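Below is one structure, written out as structure tokens; comments come after it.
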Amino acid sequence: MSHLDAPGLMSHLDAPTIIRTKRDGGILGNDAIDWMIDGYTHGRVADEQMSALLMAIFLRGMTAAEIARWTAAMVDSGERLDFTDLRRAGKPLALVDKHSTGGVGDKITIPLVPIIMACGGAMPQAAGRGLGHTGGTLDKLESIPGFTAEISRAQIRRQLCDLGAAIFAAGELAPADRKIYALRDVTATTESLPLIASSVMSKKIAEGTRALVLDSKVGSGAFLSTEAESRELARTMVDLGTEHGLITRALLTDMDTPLGRAVGNAVEVVESLEVLSGGGPDDVVELTVALAREMLDLAGVDGVDPAQTLSDGSAMDRFRALVAAQGGDLSAPLPIGAHTETVTATCSGTMGDIDAMAVGLAVWRLGAGRSEPGQRVQSGAGMQIHRRPGESVAAGETLFTLYTDTPQRFESALSELDGAWSVGDHAPAVRPLIIDRIT
Ligand code: URA
């Protein structure tokens, strides 16, 4: 194994040598990592060079020391926010945030933020866009007419004090991640433990939260599908957080089947509003409340019941206030794709497992995600799942409704769904939604 470590020899570093080192299974030294991240952030390293390195990392992996340095270099590529001076009623804010490693139908951040607001926490949420087959909170929220996540530092601070949350595009926080994230999305380099861990943690370390709860997904719809990989990812991220002074904890949660009944952009906002109205699918409510409990515990907020904020309407009130503060108009209709297609049951029985990855890819094909950097996503693209695993099905009834503005996309979306679900005589085995907790 070769070591590319050249302290004091930064001028002798070059991208082809660094790429070759990782391609051949070597370990990158601190200077090589710093040089590459800084060069890419400032345009001295080209997209094709970073793409080649990302693929080499994807194939060869990274040591714990390389991941730690890569993460630190991404944090250092931009500013690091600090809200420790902010006070509410004379007390420091209970700053806490959550991040998911990416799933299908994972709209949890949308109801979770106002729950934390209603419980007295403060949530600085640097949110991301869709990545691969998974959706992104920003793409979903931007389907609300007028909503913007491009808000100033002054507005983030004001909202944290006055309302208890701000949802913002990472922007100048970890700008290296912004560029690398967009590149990974279109170069098939998303499913990599070192790249996911550093991407998530660089944004979270830079965004100025004090405590962090991670939702590390396990199953077909997760970037890392096995429990062992997801566990290692969670452990790596918790350790990175701790090293950077963040109080960090992770839940391992099931992502074999999509969360809830809606997958896409606006359709997931609609489902989140149902949750905030005290209804919504059980799995979405269970996970949202479980994450809220972990977050409040880490932030030292006690004596409040997050579930009650859904039933008494206080979380919905906070959500309305947050959306209005960020320019959104919840009284305007949410966009739904102009064209629909349905999948119907050919026999009666019980719905079996629904493969989360296939649903994520189908929704991506409908236009909810990107195949080129910077592409506009369709807010109205998505899917409704009318029958979830274990529910009774009658022959002829609609099982899935697909939405898009571009009907030529139906064929490829429907072919992703082929073989991804079944109706049979027995209910599938019930798996726990929350598998473990890593501290
Ligand atoms: N979320 C991120 O921010 N980055 C990833 O790589 C995956 C999920």
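In this text, residue positions in the sequence shown follow this note's numbering: the first is 73, and each later residue adds one. We treat Cβ as the ideally placed atom computed from N, Cα and C, and that holds for glycine. In this text the structure is predicted, and so the values were computed from the model without any measurement.
For G208, which residues in the same chain have their Cβ closer than 8 angstroms to its Cβ, ignoring the five residues on either side in sequence? Position 136 of the sequence shown, counting from 1, holds the residue named residue 208. Answer for G208: A199, G200, R201 and G202, listed in chain order.
S271 beta carbon near the ligand URA (any heavy atom closer than 6 angstroms): Translated into positions along the sequence shown, residue 271 becomes position 199. Yes.
Quick one: what does DSSP say M273 is sitting in, helix, strand or coil? Locating residue 273 in the sequence shown gives position 201, where the first residue counts as 1. The answer is helix: DSSP assigns M273 an H, G or I state.
Grouping DSSP H, G and I as helix and E and B as strand, with all else coil, what is T412? Locating residue 412 in the sequence shown gives position 340, where the first residue counts as 1. Strand, per DSSP.
Minimum C-alpha distance to A306 - residue among A104, E463, R132 and S288: Residue numbering aside, residue 306 sits at position 234 when the sequence shown is read from its first letter. Closest option to A306, Cα to Cα, is S288.
Classification of L100 by the beta-carbon crowding that lies within 10 angstroms, buried from 16 upward: Here the question's residue 100 lines up with position 28 in the sequence shown. Classification of L100: buried, given that the 10 Å Cβ count is 16 or more.
By a C-beta neighbour count over all protein chains shown, 10 Å radius and 16 as the cutoff for buried, is G400 buried or exposed? In the sequence shown, residue 400 corresponds to position 328, counting from 1. Answer is buried; the Cβ neighbour count reaches 16.
Alpha carbon to alpha carbon, how far is R509 from E358? Reading the sequence shown from its first residue, position 437 is the one you call residue 509. Reading the sequence shown from its first residue, position 286 is the one you call residue 358. Distance between the alpha carbons of R509 and E358: 15 angstroms.
Within 10 Å of its beta-carbon, does E244 have 16 or more other beta-carbons around it, so buried, or fewer, so exposed? On the sequence shown, position 172 is the one that residue 244 refers to. It is exposed - the Cβ of E244 has fewer than 16 other Cβ atoms within 10 Å.
Return helix, strand or coil for K289, following the three-state DSSP convention. In the sequence shown, the residue the question calls residue 289 occupies position 217. Three-state result, K289: strand.
Can you tell me whether H205 is buried or exposed? The criterion is at least 16 other CB atoms within 10 Å of its CB, across all chains shown. Here residue 205 is taken as the residue at index 133 of the sequence shown, counted from 1. Result: buried.
Residues near Q121 by beta carbon distance below 7 angstroms, same chain, minus five either side: For the purposes of this step, residue 121 is taken as the residue at position 49 of the sequence shown. Once the five neighbours on either side are set aside, the close Cβ partners of Q121 are A87 and I91.
Buried or exposed: where does A161 fall if 16 or more other Cβ atoms within 10 Å of its Cβ makes it buried? Taking the first residue of the sequence shown as 1, we reach residue 161 at position 89. Answer is exposed; the Cβ neighbour count stays below 16.
Determine the DSSP secondary structure at G496, reduced to helix, strand or coil. In the sequence shown, the residue the question calls residue 496 occupies position 424. DSSP places G496 in strand when its eight states are reduced to three.
So does the region 263 to 278 actually touch the region 129 to 143, counting three or more Cβ pairs closer than 8 angstroms? yes
When you measure from the CB of G432 to every non-hydrogen atom of the ligand URA, does any distance come out below 6 angstroms? On the sequence shown, position 360 is the one that residue 432 refers to. For the ligand URA, not one heavy atom lies less than 6 angstroms from the Cβ of G432.
Here's the rule: buried if 16 or more other CB atoms are within 10 angstroms of the residue's CB, otherwise exposed. What is Q480? Here residue 480 refers to the residue found at position 408 of the sequence shown. Looking at its Cβ environment, which holds fewer than 16 other Cβ atoms inside 10 Å, Q480 is exposed.
Expressed to the nearest angstrom, what Euclidean distance is found between the alpha-carbon atoms of D77 and I252? Along the sequence shown, one-based indexing puts residue 77 at 5. Along the sequence shown, one-based indexing puts residue 252 at 180. Low local confidence applies: a pLDDT of 47 at D77 is under 50, so the model's placement there is unreliable, and no value is given.
Tell me T325's beta-bridge partners as DSSP assigns them. Looking up residue 325 in the sequence shown gives position 253. Looking at the DSSP assignment, T325 forms a beta bridge with K289 and I506.
Our contact map puts P407 next to S215 with C-beta atoms below 8 angstroms; I'd like the distance itself, whole angstroms only. By 1-based counting over the sequence shown, the position of residue 407 is 335. By 1-based counting over the sequence shown, the position of residue 215 is 143. Their Cβ separation, rounded to whole angstroms, is 6 angstroms, which keeps P407 and S215 in contact under 8 angstroms.
Please report the Cβ distance between L348 and P183, rounded to the nearest whole angstrom; I am assuming they are in contact, meaning their Cβ atoms lie under 8 angstroms. Numbered from its first residue, the sequence shown carries residue 348 at position 276. Numbered from its first residue, the sequence shown carries residue 183 at position 111. About 5 angstroms; that satisfies the 8 angstroms criterion.
Since L85 sits in a beta bridge, which residues does DSSP pair it with? In the sequence shown, counting from the first residue as 1, residue 85 sits at position 13. L85 is not bridged to any residue.
Compute the distance between the beta-carbons of A410 and D477, then report whether it is under 7 angstroms. In the sequence shown, the residue the question calls residue 410 occupies position 338. In the sequence shown, the residue the question calls residue 477 occupies position 405. Against a cut-off of 7 angstroms, the Cβ pair of D477 and A410 comes out as a contact.
Please tell me whether L213 and A393 are closer than 7 angstroms, where the distance is taken between their beta carbons. Taking the first residue of the sequence shown as 1, we reach residue 213 at position 141. Taking the first residue of the sequence shown as 1, we reach residue 393 at position 321. It is not a contact, given that the beta carbons lie outside the stated cut-off.
Taking only heavy atoms of the ligand URA into account, decide whether any of them is closer than 6 angstroms to the Cβ of T476. As a working note, residue 476 is residue 404 in the sequence shown. No, the Cβ of T476 stays beyond 6 angstroms of every heavy atom of the ligand URA.
Sorry if obvious, but does the Cβ on A173 come closer than 6 angstroms to a heavy atom of the ligand URA? By one-based count along the sequence shown, residue 173 stands at place 101. One point to set straight first is that residue 173 is Thr, not Ala, in the sequence displayed. T173: yes, Cβ under 6 angstroms from the ligand URA.
Please report the Cβ distance between R437 and A485, rounded to the nearest whole angstrom; I am assuming they are in contact, meaning their Cβ atoms lie under 8 angstroms. For the purposes of this step, residue 437 is taken as residue 365 along the sequence shown, with counting starting at 1. For the purposes of this step, residue 485 is taken as residue 413 along the sequence shown, with counting starting at 1. That pair is a contact at about 4 angstroms.
Cβ of I239 within 7 angstroms of Cβ of A221? To locate residue 239, count along the sequence shown from 1; it is residue 167. To locate residue 221, count along the sequence shown from 1; it is residue 149. For I239 and A221, yes; Cβs fall inside 7 angstroms.
Please indicate yes or no: does the CB of G200 lie closer than 6 angstroms to some heavy atom of the ligand URA? The residue you call residue 200 lines up with position 128 of the sequence shown. Flag set: Cβ of G200 near the ligand URA.
For a test of the three-state rule: what should DSSP assign to R92, helix, strand or coil? Start at 1 with the first residue of the sequence shown, and residue 92 comes out as number 20. Helix.
Every unbroken beta strand (DSSP E) inside the region 126 to 196 [3 residues or more]: 168 to 172
Cβ of S292 within 7 angstroms of Cβ of D427? In the sequence shown, residue 292 corresponds to position 220, counting from 1. In the sequence shown, residue 427 corresponds to position 355, counting from 1. Yes, Cβ-Cβ distance for S292 and D427 is below 7 angstroms.
What separation, rounded to the nearest whole angstrom, lies between the Cα atoms of G192 and S172? For this step, residue 192 is matched to residue 120 along the sequence shown. For this step, residue 172 is matched to residue 100 along the sequence shown. Each residue's Cα considered, the two are about 22 angstroms apart.
Rounded C-alpha distance that separates I507 from R116: Stepping through the sequence shown from its first residue, residue 507 is reached at position 435. Stepping through the sequence shown from its first residue, residue 116 is reached at position 44. Their Cα atoms are separated by approximately 44 angstroms.
Selected residue, minimal CA-CA separation from L474, among G454, A430, T262 and E483: As a working note, residue 474 is residue 402 in the sequence shown. If we check each option's Cα against that of L474, G454 comes out closest.
Buried or exposed: where does R442 fall if 16 or more other Cβ atoms within 10 Å of its Cβ makes it buried? Your numbering for residue 442 matches position 370 in the sequence shown. Classification of R442: buried, given that the 10 Å Cβ count is 16 or more.
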